[in-house]
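Undergrad: Pasting in a structure now, in structure tokens, and then I'll have a few things to ask.
Chains as they are written, first to last, in this note's numbering: chain A, 1 to 110; chain B, 111 to 224.
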């Protein structure tokens with residue numbers, strides 16, 4: 001069973017502060033993703049990666065950076081958090097078109 | 111452009127009733143289709159998947175889905191729902207020619223009345 005672990009599970013951040021969301025997967029999948037979920041929008045792709053030390057922009061990358069230092073780890077970085085980035089963030093990995101999700105991080109920017 | 115449409119944002123049914131959640135996709139290539147369920151404050155969990163072959167696929171907890179190429183649909187069904195089925199259900203399309211691209215419907219919030 002693929003395991004994708006996110007930390008923290010929830011976080012409150014101040015506007016203008018830096019936030020790092022972490023993701024760890026244990027099944028050696030090549031593809032990893034960061035999505036955000038907002039009510040009424042479903043899931044939207046922020047960044048993804050298909051190999052360590054490389055990341056790609058997704059559909060809504062503005063205001064976010066990503067880092068993939070190893071096969072197992074994929075981080076999402078908000079350098080200057082804004083109120084509009086309050087959302088639930090999901091990390092995922094993919095193998096053979098099937099996506100495995102973490103349990104999500106609830107980020108509240110105040 | 112590829113897309114997934116779930117036309118019903120919310121569905122309410124009584125416990126024991128049958129259920130159909132609708133999903134339409136738009137893609138000219140070979141679709142790989144999935145239904146995921148999201149319980150409150152949880153990640154998305156796979157219910158079932160379709161790659162090829164028998165158009166009716168069975169999933170967990172009594173769910174099944176039927177693929178129709180002619181209708182570009184992948185509807186989810188259950189013969190008798192339980193209150194614990196209350197959740198958000200996502201129809202998802204993976205593309206065969208672009209491995210990174212996964213397209214989500216906006217989800218259908220199912221509310222089962224006890």
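Ideal Cβ positions, reconstructed from N, Cα and C, are used throughout, including at glycine.
The model shown is predicted, which means the values in this text are computed figures rather than measured ones.
(1) Can you give me the start and stop residues for the beta strand (DSSP E) that residue 91 (chain A) sits inside?
(2) Let me see if you follow: with CB-CB separation under 8 Å, is residue 95 (chain A) close to chain B or not?
(3) Going along the chain, which residues of its own chain have a beta-carbon closer than 8 Å to the beta-carbon of residue 47 (chain A), five neighbours each way excluded?
(4) Excluding the 5 residues flanking residue 155 (chain B) on each side, which residues of the same chain have their C-beta closer than 8 Å to its C-beta?
(5) Going by beta-carbon coordinates alone, are residue 186 (chain B) and residue 200 (chain B) separated by less than 8 Å?
(6) List the residues of chain B whose Cβ lies closer than 9 Å to the Cβ of residue 98 (chain A), in chain order.
(7) Helix, strand or coil: how does DSSP classify residue 83 (chain A) here?
(8) Are three or more beta carbon pairs between the segment 178-194 of chain B and the segment 125-144 of chain B nearer than 8 Å?
(9) State the CB to CB distance for the pair residue 158 (chain B) and residue 175 (chain B), rounded to an integer number of angstroms; the pair is presumed to be in contact (CB under 8 Å).
(10) Compare the beta carbon distance of residue 36 (chain A) and residue 87 (chain A) with 8 Å and say whether it is the shorter of the two.
(11) According to DSSP, what are the bridge partners of residue 201 (chain B)?
(12) Between which two residues does the beta strand (DSSP E) containing residue 217 (chain B) stretch?
(13) Any idea which residues DSSP pairs residue 19 (chain A) with across the strands?
(14) Exposed or buried, which one is residue 126 (chain B) when buried takes at least 16 other CB atoms within 10 Å?
(15) Return the chain-ordered list of same chain residues with a C-beta closer than 8 Å to the C-beta of residue 18 (chain A), the five sequence neighbours on each side being excluded.
(16) Let me know the secondary structure DSSP gives residue 171 (chain B) once reduced to three states.
(17) Give, in chain order, every residue of the segment 7-32 of chain A whose Cβ lies closer than 7 Å to some Cβ of chain B.
TA: For this structure:
(1) Segment 87-95, the beta strand (DSSP E) holding residue 91 (chain A).
(2) It does not; no Cβ of chain B falls within 8 Å.
(3) Hits under 8 Å: 33, 34, 55, 56, 57, 58, 61, 64, 65, 66, 76.
(4) 146, 147, 148, 149, listed in sequence order.
(5) No; because the gap between Cβ atoms is not below 8 Å, this pair is not in contact.
(6) Under the 9 Å cutoff, chain B gives 142, 144, 156, 159, 204.
(7) In the three-state reduction of the DSSP assignment, residue 83 (chain A) falls in the helix class.
(8) Contact between the segment 178-194 of chain B and the segment 125-144 of chain B is present: 3 or more CB-CB pairs across the two stretches fall below 8 Å.
(9) Their Cβ separation, rounded to whole angstroms, is 6 Å, which keeps residue 158 (chain B) and residue 175 (chain B) in contact under 8 Å.
(10) Yes. Within cutoff.
(11) For residue 201 (chain B), which the question treats as bridged, DSSP gives the partners B:145.
(12) Residue 217 (chain B) -> no beta strand (DSSP E), and no H or E assigned at all.
(13) DSSP output for residue 19 (chain A) lists A:78 as bridge partner(s).
(14) Around the CB of residue 126 (chain B), fewer than 16 other CB atoms lie within 10 Å, so the residue is classed as exposed.
(15) Result list for residue 18 (chain A): 77, 78, 79, 80, 81, in chain order.
(16) Of the three classes helix, strand and coil, the one that applies to residue 171 (chain B) here is helix, per DSSP.
(17) Taking 7 Å as the Cβ-Cβ cut-off against chain B, the residues of the segment 7-32 of chain A that qualify are 31.
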